[in-house]
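2 protein chains.
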Amino acid sequence: MDALVSLPDNRVIRQNGLASKTSLEGFLANFETYLVDRANYFDPAVRDLAVQALTSGGKRIRPALVHACGAGNLAVSENLTKAAAIVEFVHVATLVHDDVLDDASIRRDRQTVYADRGATAAILLGDALFAHALEMASEFPENEVCRWVAAATRRTCSGEIQQSFLRGDFTLTSARYRQIIEAKTAELFSVSCRLGTHVAGLDDATSALACDFGRRLGLAYQIYDDLADVFGREADFGKSLGRDLAHGKVTLPTITLFPKLSKVEASRLHETLFHSGREPNSEIVLEMVDLMRTHGVHEECRELLDEELSAIGNTLSEFTDDTIARHLDDLRQGIVSRTAILLG
Amino acid sequence: MDALVSLPDNRVIRQNGLASKTSLEGFLANFETYLVDRANYFDPAVRDLAVQALTSGGKRIRPALVHACGAGNLAVSENLTKAAAIVEFVHVATLVHDDVLDDASIRRDRQTVYADRGATAAILLGDALFAHALEMASEFPENEVCRWVAAATRRTCSGEIQQSFLRGDFTLTSARYRQIIEAKTAELFSVSCRLGTHVAGLDDATSALACDFGRRLGLAYQIYDDLADVFGREADFGKSLGRDLAHGKVTLPTITLFPKLSKVEASRLHETLFHSGREPNSEIVLEMVDLMRTHGVHEECRELLDEELSAIGNTLSEFTDDTIARHLDDLRQGIVSRTAILLG
Chain A
1 MDALVSLPDN RVIRQNGLAS KTSLEGFLAN FETYLVDRAN YFDPAVRDLA VQALTSGGKR
61 IRPALVHACG AGNLAVSENL TKAAAIVEFV HVATLVHDDV LDDASIRRDR QTVYADRGAT
121 AAILLGDALF AHALEMASEF PENEVCRWVA AATRRTCSGE IQQSFLRGDF TLTSARYRQI
181 IEAKTAELFS VSCRLGTHVA GLDDATSALA CDFGRRLGLA YQIYDDLADV FGREADFGKS
241 LGRDLAHGKV TLPTITLFPK LSKVEASRLH ETLFHSGREP NSEIVLEMVD LMRTHGVHEE
301 CRELLDEELS AIGNTLSEFT DDTIARHLDD LRQGIVSRTA ILLG
Chain B
1 MDALVSLPDN RVIRQNGLAS KTSLEGFLAN FETYLVDRAN YFDPAVRDLA VQALTSGGKR
61 IRPALVHACG AGNLAVSENL TKAAAIVEFV HVATLVHDDV LDDASIRRDR QTVYADRGAT
121 AAILLGDALF AHALEMASEF PENEVCRWVA AATRRTCSGE IQQSFLRGDF TLTSARYRQI
181 IEAKTAELFS VSCRLGTHVA GLDDATSALA CDFGRRLGLA YQIYDDLADV FGREADFGKS
241 LGRDLAHGKV TLPTITLFPK LSKVEASRLH ETLFHSGREP NSEIVLEMVD LMRTHGVHEE
301 CRELLDEELS AIGNTLSEFT DDTIARHLDD LRQGIVSRTA ILLG
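From first to last, the protein sequence lines are chains A and B. Quick note: the working numbering has the first sequence finishing at residue 344, numbered continuously throughout. Quick note: the working numbering has the second sequence finishing at residue 344, numbered continuously throughout.
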């Protein structure tokens, strides 16, 4: 079904598949300008750091979710762009802090704020980005916007803390792993959908469906991201891979591998990762990746992710609004394609 | 002038100097319970960390400012306690992050979350505390509360970033130093007053006066705190002193000292602090404190702080509400007394 959509310049077009892509591209182009404008709220000394972190060429999946849930149903408004900026500010703040925690010097082919200006600047910049996300949220007259964003931010951090406390605990159940990535990643995906439907003034039922879709897409995306760390090639991702492995982070590939190993093998690996008195090196990381291939972790994870993405696709028929469903499916398809590239 | 005040149990008493103290004590006792209750919003793994950070025996100056501006004029309500919790959560979040930045193991005689659980836990806990402060703010129906708190938080971080970029730049003017501590410290003092008067429903003129008082008290407090780092005794403060000096932080004592030194002496000190290839040690810190005493930095700073505190006192006569003025003066007197203990 085609739908009427307003472009940023107020021309209304009849939207089909191609126009839908154009609509997202136009939205994101506008969004990039808005992000940089927002950095002007910071003092000059902080502004440049903020721009460096905000314009580092991210995939903008969360803003695209905001767009998917809101853009088919109203003229692309400043409020929709602002909603997208809110979730991206929160996301970028978590990345800036993650780079400190992971001692990461490169992200998306560019030097991180942490590597460039040190831990102090990176920690405080992350804080300032969080704060400004909430400032933008408070520009909406309804204080629900603040409440949703603040709660999602708290749960995101909470998921990260839990994951950090479980480092090296490769006996983690997959149910517990899902709980953690639900907090760490899916919350912000879900709130992106909530903000989109809220700005578009959609009914509660549609909003609940969209939030549920966002949450499940977030889970799938985090599983994909965990797999990319292990099976990806640096050239495709523009960041250091094997970081999760080297840090003993509990992710789907690691908790799938460890129960398959003999006790002797598992404890040797664990020992090498955590008790050797030195930093884990690329040798041990390569050995783990090899073991994963040998034990079919690759195929098992791929099957699970495929099932997840296909199940998410089935929920789209529940939407009465075809435009939203089509936009959301585009994003789901994006992860399907990337998974195919990653895992063959 | 006496005033009618409602206690938490709804008894109304006629307040005098002593009752005013009792009223604050009762408020703070209630506040401590509320803080811990609020930690229950966190997941179990995070809750204990949050309690550790929140109950580390701080002076609670910001909550006392909220009380001063609000309590004389209404029954102490949950909203006033919540407002106090908001500013304290933000403050504690900044302390938790500061401990990472300063590599500090002890604060208020207790081990820091950073020393106890590592940088990852401390950074993410700080983030979660910030987020929950904003969640509490969003429980107020008026979204101004979120806006004020988020903006003050952003400016607080911004002040800290600017100070960190100026490390070692002891040629800083005192005007620029004031700008920085205004952002870093005075913003949150000011917003504490704003929240207090807002919850109490006071008029705009009173609120503006209270915010201005808060801002100036924040400046004075930060100057006092900077002096304590240099001239205090650890036994009195329960934290490592000389930290600012060792980290080359630009504070009032350092920028007062350096212009008084010969070029040779200044560059030798600077060299020892920043270019010796090793961490600054207690020897160089003691030498700087000695130089400050020799060059009368102690007296000069004290004079400036005394003038500041006395000027702030003069603004109290502008309040038409004697109860607020008396409560605020109690807090000002607190800093006056501590300055006397610190500087003799």
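Cβ coordinates follow ideal geometry from the N, Cα and C atoms, glycine included. Quick caveat, the model's predicted, so the values are computed rather than measured.
Asked                                                                                                                                                                                    : Found
Considering only DSSP beta bridges, list what residue 350(B) is partnered with.                                                                                                          : Lying outside 1 to 344, the shown extent of chain B, residue 350(B) is not represented and no answer is given.
Whole-angstrom Cβ separation of residue 345(B) and residue 117(B), contact assumed at under 8 Å?                                                                                         : Since the first residue of chain B shown is 1 and the last is 344, residue 345(B) is not available in this structure.
Can you pull the chain A neighbours of residue 211(B), defined as C-beta to C-beta under 9 Å?                                                                                            : By Cβ distance, chain A contributes nothing, its closest Cβ being about 18 Å from residue 211(B), past 9 Å.
May I ask you to verify whether the stretch 182 to 193 of chain A touches the stretch 148 to 157 of chain A, counting CB pairs closer than 8 Å and requiring at least 3?                 : yes
Within 9 Å of any Cβ in chain B, is that where the Cβ of residue 218(A) sits?                                                                                                            : no
Quick check: the stretch 48 to 65 of chain B against the stretch 303 to 311 of chain B, are at least 3 beta-carbon pairs closer than 8 Å?                                                : no
Can you pull the chain A neighbours of residue 132(B), defined as C-beta to C-beta under 8 Å?                                                                                            : 150, 154
Is residue 93(B) close to chain A? Criterion is C-beta to C-beta, closer than 9 Å.                                                                                                       : yes
Evaluate the contact criterion for the stretch 129 to 137 of chain A versus the stretch 119 to 135 of chain B: three or more CB pairs, one atom per stretch, below 8 Å.                  : yes
With residue 216(B) as the anchor, note down where its alpha helix (DSSP H) starts and where it stops.                                                                                   : 204 to 231
Counting only beta-carbon atoms, is residue 137(B) nearer than 9 Å to chain A?                                                                                                           : yes
Could you check whether the Cβ of residue 126(B) sits closer than 9 Å to any Cβ belonging to chain A?                                                                                    : yes
Which bits of chain A does residue 120(B) rub up against, with CB to CB less than 7 Å?                                                                                                   : 101, 164
If I'm right that residue 196(B) touches residue 66(B) with Cβ under 8 Å, what's the distance once you round it to whole angstroms?                                                      : 4 Å
DSSP state of residue 344(B), grouped into three classes?                                                                                                                                : coil
Does residue 191(B) get closer than 9 Å to chain A when you measure Cβ to Cβ?                                                                                                            : no
Which term fits residue 192(B), buried or exposed, when burial requires 16 or more other beta carbons within 10 angstroms of its beta carbon?                                            : buried
Got a sec? Which residues, its chain only, sit under 8 Å from residue 177(A) by beta carbon, not counting five neighbours each side?                                                     : 250, 251, 252, 255
Residue 160(B) versus chain A: which residues are under 7 Å apart at the beta carbon?                                                                                                    : 124
Taking residue 87(B) and residue 126(B) to be in contact with their CB atoms under 8 Å, please state how far apart those CB atoms are, rounded to whole angstroms.                       : Not really, about 15 Å apart at Cβ, beyond 8 Å.
Can you tell me where the alpha helix (DSSP H) holding residue 150(A) begins and where it ends?                                                                                          : 144 to 165
Counting only beta-carbon atoms, is residue 144(B) nearer than 9 Å to chain A?                                                                                                           : yes
Checking contacts by CB at 9 Å: is residue 274(A) closer than that to chain B?                                                                                                           : no
Determine the burial state of residue 373(B): buried for a count of at least 16 other Cβ atoms within 10 Å of its Cβ, exposed for fewer.                                                 : Beyond the ends of chain B as shown, which are 1 and 344, falls residue 373(B); an answer cannot be given.
Within its chain, find whatever has a CB closer than 7 Å to the CB of residue 298(A); leave out the 5 residues flanking it on each side and keep chain order.                            : 231, 292, 343
Buried or exposed, going by whether 16 or more other CB atoms sit within 10 Å of the CB of residue 82(B)?                                                                                : buried
Check whether chain A comes within 9 Å of residue 45(B), counting only Cβ atoms and requiring the distance to be less than that.                                                         : yes
Within a Cβ cutoff of 7 Å, which residues of the same chain sit near residue 289(A), ignoring the five residues on either side of it in sequence?                                        : 230
So, helix, strand or coil for residue 57(B), using DSSP?                                                                                                                                 : coil
For the alpha helix (DSSP H) that residue 184(A) lies in, which residues bound it at each end?                                                                                           : Looking at the DSSP string, residue 184(A) is not in any alpha helix (DSSP H), and its letter there is neither H nor E.
Following the continuous alpha helix (DSSP H) through residue 274(B), name the residue where it begins and the one where it ends.                                                        : 263 to 274
Label residue 268(B) either buried or exposed according to how many other C-beta atoms from any shown protein chain fall within 10 Å of its C-beta, with 16 as the threshold for buried. : exposed
Look up residue 11(B) in the DSSP assignment and say whether it is helix, strand or coil.                                                                                                : Its pLDDT being 35, under 50, residue 11(B) is placed unreliably by the model, and the measurement read from it follows with that caveat. Reduced to three states, the DSSP call for residue 11(B) is coil.
List, in chain order, every chain B residue whose beta-carbon is nearer than 7 Å to that of residue 42(A).                                                                               : 158
Hey, would you say the C-beta of residue 67(A) is under 8 Å away from at least one heavy atom of the ligand ATP?                                                                         : In the structure on display, the ligand ATP does not appear, and there are no ligands present to speak of.
Applying the criterion that 16 or more other CB atoms from any shown protein chain within 10 Å of the CB defines a buried residue, is residue 259(A) buried or exposed?                  : exposed
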